[in-house]
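J.: Provided herewith is a single structure, encoded as structure tokens, for subsequent inquiry.
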Amino acid sequence: MEDALFGVHGKALALRSQRLSLLASNIANASTPGYKARDIDFEKALAAATQQGGGATAETAAESAMGYRVPLQPSLDGNTVELSTEQTLFAENAVKYRTTLSFLEGRLNTITRALKGE
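Have a look at this one:
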């Protein structure tokens with residue numbers, strides 16, 4: 019039922035939320051020696067979550083599409099977080115999250131108005 023009402027956007031929102039958490043974790047550990055930055059390949063995760071036949075849950079899809087980031091300039095302490103890269107990806111993902119959320123809010127408003135007979 020959820021897929022019929024919201025299409026791909028419900029799972030996309032869940033995946034974007036998980037990616038925001040992961041990127042925030044990377045930023046928080048920017049000075050932790052040996053910390054390895056991780057990220058989710060959003061397109062791969064969304065494809066897994068929306069496959070024909072039900073697809074995976076957003077959590078399972080995110081885990082299967084998660085990987086470690088290869089730094090452009092390795093740190094001497096083994097930390098692979100590049101703060102500017104993480105902040106840029108976080109901001110970009112936050113904008114896309116808000117866009118998806120706005121679409122879903124509009125969809126819910128339309129359904130609510132239809133149910134009220136407006």
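Counting in our numbering, the sequence shown runs from 19 upward without gaps.
Idealized CB from N, CA, C, for every residue including glycine.
For the region 58-133, which segments carrying the alpha helix (DSSP H) assignment without a break, of at least 4 residues, lie completely within its bounds, in sequence order?
T.: DSSP runs (the alpha helix (DSSP H)) wholly in the region 58-133: 60-67 and 76-82.
J.: Would you call E104 buried or exposed, if buried means 16 or more other Cβ atoms sit within 10 Å of its Cβ?
T.: Numbered from 1 along the sequence shown, position 86 holds the residue referred to as residue 104. By the 10 Å Cβ count, E104 comes out buried.
J.: Of all the options A80, S49 and I45, which has the alpha carbon lying nearest to the alpha carbon of A30?
T.: Along the sequence shown, read from residue 1 onward, the residue named residue 30 stands at position 12. When each option's Cα is compared against that of A30, the closest is A80.
J.: Which whole-angstrom value is the C-beta distance of A48 and V99, which I expect to be below 8 Å?
T.: Taking the sequence shown and counting its residues from 1, one reaches residue 48 at position 30. Taking the sequence shown and counting its residues from 1, one reaches residue 99 at position 81. Going by Cβ atoms, the distance from A48 to V99 rounds to 5 Å, so yes, they are a contact pair.
J.: Whose CA, out of S82, V26, L41 and N127, lies closest to the CA of K54?
T.: The count along the sequence shown starts at 1 and reaches residue 54 at position 36. Comparing Cα-Cα distances from K54 to each of S82, V26, L41 and N127, the minimum goes to L41.
J.: Where does the unbroken alpha helix (DSSP H) through G44 begin, and where does it stop?
T.: Numbered from its first residue, the sequence shown carries residue 44 at position 26. Contrary to the premise, residue 44 reads as Asn rather than Gly in this sequence. Run containing N44: H27 to A46, per the alpha helix (DSSP H) assignment.
J.: Going by the beta-carbon positions, is the gap between L122 and F24 smaller than 9 Å?
T.: Residue numbering aside, residue 122 sits at position 104 when the sequence shown is read from its first letter. Residue numbering aside, residue 24 sits at position 6 when the sequence shown is read from its first letter. Cβ atoms of L122 and F24: closer than 9 Å.
J.: By alpha-carbon positions, which one of A112, R116 and L126 ends up nearest to S39?
T.: By one-based count along the sequence shown, residue 39 stands at place 21. When only C-alpha atoms are compared, the closest one is A112.
J.: Among the residues of its own chain, which have a CB less than 6 Å from the CB of G135, if the five just before and after it don't count?
T.: Sequence index remark: in the sequence shown, residue 135 carries index 117 (1-based). There are no such residues.
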